[in-house]
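Undergrad: In the numbering used here, the protein residues as written are 20 to 396. Glycine residues also receive a C-beta, built at the ideal position from the N, C-alpha and C atoms.
Given below as structure tokens:
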């Protein structure tokens, strides 16, 4: 999942596969009964101490599609467990945003259903539109910039970045600096996305970036679809979902992905792969992922406590440590609470940065759903 930020206010991207394990348990209505299931703030439960007490009584938090090397989620999950002593059940860590939504719908009423989701922005909007998310405002809700949260708190941006080009310096001796460079014949069989753009936020953002680099706009993503159709026709684009494993194996020598994930791969594979990262100047695309609480969460207090932790200074600095740009970063920089070492390590970005509106993102998602398979086969 998951970008200089003082000049920005956003970033996007995320995850795959539906749960397959069998299970069951208490019904969602039974589990979600009580004040926690309808609490719209910690104050509704009597304050943070009462929220912590209620979450500990539940004892468990169910998360989905949170790879440990994505935006530092491994350390974030460990810190949450250590701080509050809750058990965290992690389902389908490599899942995509659409799979998270599917799980919320299909596992409703089961004790293994997701309590919380971490979705690409387009998918957060659709989940809210479908009435799947519970309104809730964390204590630091006012620190999240306008336009990066639903007014009722049904979703709110958490972290983000920029679409970047990553490459194996040992296999790519003439490194691409722009999206246009990816058309070069020497890159045949080398270019990959992080998933299917109709399902995964990172891949969706890659197509949007390609549209901006090829005469498109936030209102017109079709040039991005055509760009990848042309790359496939030339043999440059390969239908392999990129990951640290495919990079290490040599399957995906060049990838389009979030800058914070690329930087994470470089750190993880140090000594094995000389992975380099650059943000292209011809398709500067930035966006956030978004948090949401399932309206039918089996552990509603734990879900709300998780969000309070993520949006505390501690949680936001852990996202920053993962080389992503947390939603509260502008406020934290002003207050002097942002981790300065982590801030200095963020990938550099040049060029004009603008953000798509909710309506533009929704429209682009529909176009992709209609056009991607036809264009790419």
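In chain order, what residues of the same chain lie with their CB nearer than 6 Å to the CB of residue 48, ignoring the 5 residues before and after it?
TA: Counting from 1 along the chain shown, the entry for residue 48 is found at position 29. Confidence at residue 48 is low in this model, with a pLDDT of 35, below 50, so the placement of that residue is unreliable and no value is reported for it.
Undergrad: Pick from 133, 166 and 159: whose alpha carbon is nearest that of residue 152?
TA: Taking the first residue of the chain shown as position 1, residue 152 is located at position 133. Checking every option, the nearest Cα to that of residue 152 belongs to 133.
Undergrad: Which residues bound the alpha helix (DSSP H) around residue 381?
TA: In the chain shown, counting from the first residue as 1, residue 381 sits at position 362. From DSSP, the alpha helix (DSSP H) with residue 381 extends over 377-395.
Undergrad: CA-CA distance, residue 37 and residue 121?
TA: Against the chain shown, residue 37 aligns to sequence position 18. Against the chain shown, residue 121 aligns to sequence position 102. Here the model assigns residue 37 a pLDDT of 28, short of 50, so the residue's position is not dependable, and the following value carries that caveat. So the two alpha carbons sit approximately 7 Å from each other.
Undergrad: Hey, residue 148 and residue 309 are a contact pair by Cβ (cut 8 Å); roughly how many whole angstroms apart?
TA: If you number the chain shown from 1, residue 148 lands on position 129. If you number the chain shown from 1, residue 309 lands on position 290. At roughly 13 Å, the Cβ-Cβ gap does not stay under 8 Å, so residue 148 and residue 309 are not in contact.
Undergrad: Which of the three DSSP states, helix, strand or coil, is assigned to residue 146?
TA: What you label residue 146 is simply residue 127 of the chain shown in a count that begins at 1. Helix at residue 146.
Undergrad: Would you call residue 204 buried or exposed, if buried means 16 or more other Cβ atoms sit within 10 Å of its Cβ?
TA: For the purposes of this step, residue 204 is taken as the residue at position 185 of the chain shown. When all chains shown are included, residue 204 counts as exposed.
Undergrad: DSSP has residue 339 in a bridge; who is on the other side?
TA: By one-based count along the chain shown, residue 339 stands at place 320. Answer is none; residue 339 lacks a bridge partner.
Undergrad: Excluding the five sequence neighbours on either side, which residues of its own chain have a C-beta within less than 6 Å of the C-beta of residue 194, listed in chain order?
TA: If you number the chain shown from 1, residue 194 lands on position 175. The residues are 186.
Undergrad: Could you pull the DSSP bridge partners for residue 168 from this structure?
TA: Locating residue 168 in the chain shown gives position 149, where the first residue counts as 1. Beta-bridge pairing links residue 168 to 175.
Undergrad: Can you tell me the Cα-Cα spacing of residue 242 and residue 348, whole angstroms?
TA: One-based indexing of the chain shown puts residue 242 at position 223. One-based indexing of the chain shown puts residue 348 at position 329. Residue 242 and residue 348: Cα-Cα distance of roughly 33 Å.
Undergrad: With which residues is residue 305 paired in a DSSP beta bridge?
TA: The residue labelled residue 305 in the question sits at position 286 within the chain shown. In DSSP, residue 305 forms a bridge with 181.
Undergrad: Can you tell me where the alpha helix (DSSP H) with residue 274 in it begins and where it stops?
TA: The residue you call residue 274 lines up with position 255 of the chain shown. Note, residue 274: premise wrong, no alpha helix (DSSP H); beta strand (DSSP E) at 273-277.
Undergrad: When you compare only the Cα positions, how much space is there between residue 66 and residue 135?
TA: Indexing the chain shown from 1 puts residue 66 at position 47. Indexing the chain shown from 1 puts residue 135 at position 116. Those two C-alpha atoms are separated by around 20 Å.
Undergrad: Compute the beta-carbon to beta-carbon distance between residue 206 and residue 255, rounded to the nearest angstrom, for a pair I have assumed lies under 8 Å.
TA: The residue given as residue 206 occupies position 187 in the chain shown. The residue given as residue 255 occupies position 236 in the chain shown. So it is a contact: roughly 5 Å between Cβ atoms.
Undergrad: In the DSSP assignment, find the beta strand (DSSP E) that holds residue 266 and state where it starts and stops.
TA: As a working mapping, residue 266 is identified with position 247 in the chain shown. Here residue 266 belongs to no beta strand (DSSP E); instead the alpha helix (DSSP H) covers 263-268.
Undergrad: Pull up the distance between the alpha-carbon of residue 271 and that of residue 211, whole angstroms please.
TA: By 1-based counting over the chain shown, the position of residue 271 is 252. By 1-based counting over the chain shown, the position of residue 211 is 192. So the alpha carbons of these two residues sit roughly 6 Å apart.
Undergrad: Among residues of its own chain, excluding the 5 on either side of residue 43, which ones have a beta-carbon nearer than 6 Å to its beta-carbon?
TA: Position 24 of the chain shown, counted from the start, is the residue given in the question as residue 43. Its pLDDT being 39, under 50, residue 43 is placed unreliably by the model, and the measurement read from it follows with that caveat. Only 129 meet the Cβ criterion.
Undergrad: Taking just the CA atoms, how far does residue 97 sit from residue 78?
TA: Translated into the one-based positions of the chain shown, residue 78 becomes position 59. Translated into the one-based positions of the chain shown, residue 97 becomes position 78. Answer to the nearest angstrom: the Cα atoms are 15 Å apart.
Undergrad: Could you say which of 213, 313 and 112 lies nearest to residue 125 if we only look at CA atoms?
TA: Locating residue 125 in the chain shown gives position 106, counting from the first residue. Among 213, 313 and 112, the Cα nearest to that of residue 125 is on 313.
Undergrad: In this structure, what does DSSP give as the bridge partners for residue 312?
TA: Mapped onto the chain shown, residue 312 falls at position 293. Beta-bridge pairing links residue 312 to 135.
Undergrad: Is it true that the region 160-173 meets the region 262-269, where meeting means three or more beta-carbon pairs spaced less than 8 Å apart?
TA: At 8 Å Cβ cutoff, the stretches do not touch.
Undergrad: Provide the residue span of the beta strand (DSSP E) that contains residue 106, from first to last.
TA: As a position in the chain shown, residue 106 is number 87, starting the count at 1. Unbroken beta strand (DSSP E) run through residue 106: 106-110.
Undergrad: Where does the unbroken beta strand (DSSP E) through residue 211 begin, and where does it stop?
TA: Working through the chain shown from its first residue, we reach residue 211 at position 192. Residue 211 -> beta strand (DSSP E) spans 210-212.
Undergrad: Identify every residue that forms a DSSP beta bridge with residue 186.
TA: Against the chain shown, residue 186 aligns to sequence position 167. Paired residues: 273 and 295.
Undergrad: Within 10 angstroms of the Cβ of residue 291, are there 16 or more other Cβ atoms? Answer buried if so, exposed if not.
TA: Counted from its first residue, the chain shown places residue 291 at position 272. With fewer than 16 Cβ atoms within 10 Å of its Cβ, residue 291 is classed as exposed.
Undergrad: Between which two residues does the alpha helix (DSSP H) containing residue 95 stretch?
TA: Translated into the one-based positions of the chain shown, residue 95 becomes position 76. Unbroken alpha helix (DSSP H) run through residue 95: 92-103.
Undergrad: Quick check on residue 344: does DSSP put it in helix, strand or coil?
TA: Residue mapping note: residue 344 aligns to position 325 of the chain shown, counting from 1. Correct three-state label for residue 344: strand.
Undergrad: Does residue 160 come out as helix, strand or coil in the three-state DSSP assignment?
TA: Here residue 160 refers to the residue found at position 141 of the chain shown. DSSP places residue 160 in helix when its eight states are reduced to three.
Undergrad: If you run the structure through DSSP and keep just helix, strand and coil, what is residue 257?
TA: Here residue 257 refers to the residue found at position 238 of the chain shown. Here residue 257 sits in coil by DSSP.
Undergrad: Would you kindly report the start and end of the unbroken beta strand (DSSP E) that includes residue 79?
TA: Taking the first residue of the chain shown as 1, we reach residue 79 at position 60. Segment 79-83, the beta strand (DSSP E) holding residue 79.
Undergrad: How many Å lie between residue 395 and residue 251 at the Cα?
TA: Sequence index remark: in the chain shown, residue 395 carries index 376 (1-based). Sequence index remark: in the chain shown, residue 251 carries index 232 (1-based). Going by the C-alpha atoms only, they are around 7 Å apart.
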